[in-house]
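In this note's numbering, the protein residues as written are 14 to 309.
Heads up, the beta-carbon is just placed ideally off N, CA and C, and yes, glycines get one too.
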């Protein structure tokens, strides 16, 4: 666990520093060249910065040991942070979408396409570099916070690539007989990009909320856990499982006649479940024949 935190914190710290740089540059550059698209990119980076700081805090708090105030630990902070990230990014996309549609209705928005193309190209290279690093880190350790951060940078990289393509087309349009239409290119890019990207944070939020309400874990993880239960040759009365942050929680009802073997069963389960990309937490409950008949 200490090794996980030691690798997770530098990755999230680097994400914070780079996000801050992109945020400041994007907002300043967008105001300079009067580009709504670059402003959207800068605002997205600013939100990314604030959310990355939140992820750093969550990475520290979520692994603190349980105490009297938090008898079950703070694992729920992780999906809570991810849900906040998803909602914040969704809000940025919706506000940008409305602003761009208003600009189109007002007759477009002229901008310096050449300078916009330069900024977008720099942004693509930077975003892909950070995404590649976080992707490598996520392969070394299983951290939902790093994975969420990686998705955030991937969205930013694709966004910047779309911006770059849009500005390249705008440059070509300015040199064509339809140059008067170039004023619509910048807000139209924002409409297309923000309208598409709003789906990604919505899915992120949905998955995080499922964890907060103790829903069943993702299908692949659930099937892997069920396969391990079969390998241990348990005959449970009922198995309940959920994923909360970095933990997979299993609450298993077994016949009271097997109570003498509970310690061996628990050790076997922990040994097998440690192969999964989560930390297992196993509860074994002895159910008497009377209770079993009543539940049935």
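query: Short check: CB of residue 246 to CB of residue 266, under 9 Å?
result: no
- request: Tell me whether the beta-carbon of residue 90 lies closer than 9 Å to the beta-carbon of residue 258.
  value: Against a cut-off of 9 Å, the Cβ pair of residue 258 and residue 90 comes out as a contact.
task: On a CA-only basis, which of 93, 299, 255, 99 is nearest residue 292? Give me that one, please.
output: Relative to residue 292, the option among 93, 299, 255, 99 whose CA is nearest is 255.
query: Which residues mark the beginning and the end of the alpha helix (DSSP H) in which residue 257 is found?
result: For residue 257, there is no enclosing alpha helix (DSSP H); the residue is found in the beta strand (DSSP E) stretching over 251-257.
message: For the pair the segment 128-142 and the segment 230-249, tell me if three or more CB-CB distances fall below 8 Å.
response: no
Buried versus exposed call for residue 16 [16 or more other C-beta atoms within 10 Å across all chains shown]: Confidence at residue 16 is low in this model, with a pLDDT of 46, below 50, so the placement of that residue should be treated as unreliable; the coordinate-derived value is given next. Under this definition residue 16 is an exposed residue.
- request: Could you have a look at residue 263 and say whether DSSP puts it in helix, strand or coil?
  value: strand
query: For residue 11, is the classification buried or exposed, using 16 other Cβ atoms within 10 angstroms of its Cβ as the cut-off for buried?
result: The first residue shown for the chain is 14 and the last is 309, placing residue 11 beyond what the model contains.
- request: Note down the Cα distance separating residue 98 from residue 190, rounded to an integer number of angstroms.
  value: 44 Å
task: Pull up the distance between the alpha-carbon of residue 297 and that of residue 273, whole angstroms please.
output: Taken atom to atom, the span from the alpha-carbon of residue 297 to that of residue 273 is near 12 Å.
query: What is the rounded straight-line gap between the Cα of residue 301 and the Cα of residue 78?
result: Those two C-alpha atoms are separated by around 33 Å.
field: Reference residue 136, options 105, 262, 52, 240, closest by Cα
entry: 52
task: For residue 72, collect the residues of the same chain with a Cβ closer than 8 Å to its Cβ; drop the 5 residues on either side in sequence, then sort them by chain order.
output: 18, 21, 22, 25, 156, 158
- prompt: Within 10 angstroms of its Cβ, does residue 283 collect 16 or more other Cβ (buried), or is it exposed?
  reply: Exposed.
field: Rounded C-alpha distance that separates residue 215 from residue 46
entry: 31 Å
message: Pairs of beta-carbons, one from the segment 227-234 and one from the segment 104-115, closer than 8 Å: are there three or more?
response: no
- prompt: DSSP state of residue 137, grouped into three classes?
  reply: helix
- request: Inspect the beta-carbon positions of residue 241 and residue 280 and report whether they are closer than 9 Å.
  value: no
- request: Can you check DSSP and say which residues form a bridge with residue 296?
  value: 264
message: DSSP three-state label for residue 70, please.
response: helix
field: Completely contained beta strand (DSSP E) runs for the segment 24-55, where each covers 3 or more residues
entry: Fully enclosed beta strand (DSSP E) runs of 3 or longer: not present.
- prompt: If you count every other CB in all the chains shown that lies within 10 Å of the CB of residue 188, and 16 or more means buried, which is it?
  reply: exposed
task: Could you check what DSSP says for residue 22 in three-state terms: helix, strand or coil?
output: helix
field: Beta-carbon contacts of residue 85 that lie in its chain and below 8 Å, excluding the five residues immediately before and after
entry: 79
message: Does residue 65 come out as helix, strand or coil in the three-state DSSP assignment?
response: helix
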